[in-house]
Amino acid sequence: MRVENRSKSVLSKRETEVMELIASGHSNGEIARRLFLSEKTVKNHVNRIYAKLGVRSRTSAIGRWRATAGEPEG
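UniProt numbering puts the first residue of the sequence shown at 1, with every later residue one more than the last.
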């Protein structure tokens, strides 16, 4: 997995990994299994990501994260 320079300053390395999986369409359960975490830990990461990006949904988080990382949306 890649870690973008600009998103790195906003999100931790683990949060970036979680965000990449969210952006790829994975559920919290799938992310937990893939990263060997509990689903509760993934939910905690997701909540911190939302707070750091100033959003309230997965869709908004993906759009904001891609804009922060300099990626084209879509």
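Note that beta-carbon positions come from the ideal geometry of N, C-alpha and C, so glycine has one too.
{"Check": "The alpha helix (DSSP H) enclosing R58, as first and last residue numbers", "Outcome": "58-69"}
{"Check": "Buried or exposed (CB count within 10 angstroms, at least 16 for buried), N47", "Outcome": "exposed"}
{"Check": "Sequence-distant residues of its chain with Cβ nearer than 7 Å to K52 (five each side left out)", "Outcome": "V10, L11"}
{"Check": "Nearest neighbour of K13, chosen from I49, A61, R66, T59 [CA to CA]", "Outcome": "I49"}
{"Check": "Sequence-distant residues of the same chain with beta carbon closer than 6 Å to V55, five excluded per side", "Outcome": "A61, R64"}
{"Check": "Every unbroken beta strand (DSSP E) within the region 5-37, with a cutoff of 3 residues, ordered by chain", "Outcome": "none"}
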